[in-house]
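K.L.:
In the numbering used here, the protein residues as written are 18 to 192. Glycine residues also receive a C-beta, built at the ideal position from the N, C-alpha and C atoms. There's a structure below that I have some questions on.
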Amino acid sequence: FTVALVDAYEPSQSNHLVPSASNLEMIWMEPGTFTMGSPTSEPGRGTDETEHNVTLTKGFYLGKYEVTQAQYEAVMTGVTGDLNATPSFHGPNRPVVKVSWNDIQVFLQRLNDQQSASIPAGWAYVLPTEAQWEYACRAGASTAYSWGNTISSTEANYQTSGIGQTREVGLYSAN
18 FTVALVDAYE PSQSNHLVPS ASNLEMIWME PGTFTMGSPT SEPGRGTDET
68 EHNVTLTKGF YLGKYEVTQA QYEAVMTGVT GDLNATPSFH GPNRPVVKVS
118 WNDIQVFLQR LNDQQSASIP AGWAYVLPTE AQWEYACRAG ASTAYSWGNT
168 ISSTEANYQT SGIGQTREVG LYSAN
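See the structure below:
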């Protein structure tokens with residue numbers, strides 16, 4: 018999962034660093050308009066992907082990478098009950114996996130509590146909306162992927178890439 022920091026002021030810098038989450042780096046996304054969804058001619062298109070224009074009127078910060086195991090553990094250390102601070106330890110710089118939506122809500126609440134003095138009033142760490150996520154992933158492109166219409170394991174790690182496991186964040190080119 019990736020974290021967003023949202024509200025409505027212009028940032029003083031293009032990046033935001035979250036020290037309590039093992040220096041989780043976030044990048045500022047300018048507000049803008051894009052076409053969400055995909056054309057009917059796109060291979061693998063789902064029936065719920067109707068193209069439509071979306072305008073994001075507020076900018077937001079988005080995690081540069083997926084939340085890593087080290088970042089998750091830094092926030093979740095000391096949790097009690099059924100939660101586990103290391104649910105998927107495959108290496109500190111790999112994305113955290115095997116966490117539920119409820120686990121992520123605890124992570125976000127703890128992150129907001131830890132950073133409350135460091136972020137402006139009204140701002141919060143949240144999961145990005147589907148529109149925010151697609152806007153960032155598209156990176157201004159109108160192709161199936163930010164780099165074009167085809168995909169290979171040199172561009173991304175995906176279900177049928179043949180890699181079969183997560184990899185360290187930052188190994189692939191940015192969108």
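Enumerate in chain order the residues of its own chain whose CB-to-CB distance from S39 is below 6 angstroms, with the five nearest sequence positions on each side excluded.
P.N.:
A87, Q88, A91
K.L.:
How would you write the range of the beta strand (DSSP E) that E42 sits in, first residue to last?
P.N.:
41-46
K.L.:
Assign L188 to buried or exposed, taking buried as 16 or more other Cβ atoms, counted over all protein chains shown, within 10 Å of its Cβ.
P.N.:
So L188 counts as exposed.
K.L.:
Mind pulling the alpha helix (DSSP H) runs of 4 or more residues that sit fully within the stretch 86-172?
P.N.:
86-93, 118-132, 147-155
K.L.:
Assign G63 to one of two classes, buried (16 or more other C-beta atoms within 10 Å of its C-beta) or exposed (fewer than that).
P.N.:
exposed
K.L.:
Go ahead and pull the three-state DSSP assignment for A38.
P.N.:
helix
K.L.:
Any contact of the stretch 172-182 with the stretch 65-83, i.e. 3+ C-beta pairs under 8 angstroms?
P.N.:
Touching, no, given that fewer than three Cβ pairs across the two stretches are closer than 8 angstroms.
K.L.:
Taking one C-beta from the stretch 71-81 and one from the stretch 34-53 each time, how about it: are there three or more such pairs within less than 8 angstroms?
P.N.:
yes
K.L.:
Kindly give me the distance between the Cβ atoms of S163 and T52, rounded to whole angstroms, as I take these residues to be in contact under 8 angstroms.
P.N.:
In fact, because the Cβ distance is near 14 angstroms, the residues do not count as touching under 8 angstroms.
K.L.:
With distances taken between CB atoms, is the gap from L73 to Q149 smaller than 8 angstroms?
P.N.:
yes
K.L.:
Starting from G187 and walking both ways along the beta strand (DSSP E), at which residues does that stretch end?
P.N.:
Element bounds for G187: n/a, residue is neither H nor E.
K.L.:
Exposed or buried, which one is A21 when buried takes at least 16 other CB atoms within 10 Å?
P.N.:
buried
K.L.:
Below 8 angstroms, how does it come out for the stretch 125-136 and the stretch 97-113: are there three or more Cβ pairs, yes or no?
P.N.:
no
K.L.:
Would P112 and T183 be called neighbours here (beta carbons separated by less than 8 angstroms)?
P.N.:
The Cβ-Cβ distance between P112 and T183 falls below 8 angstroms.
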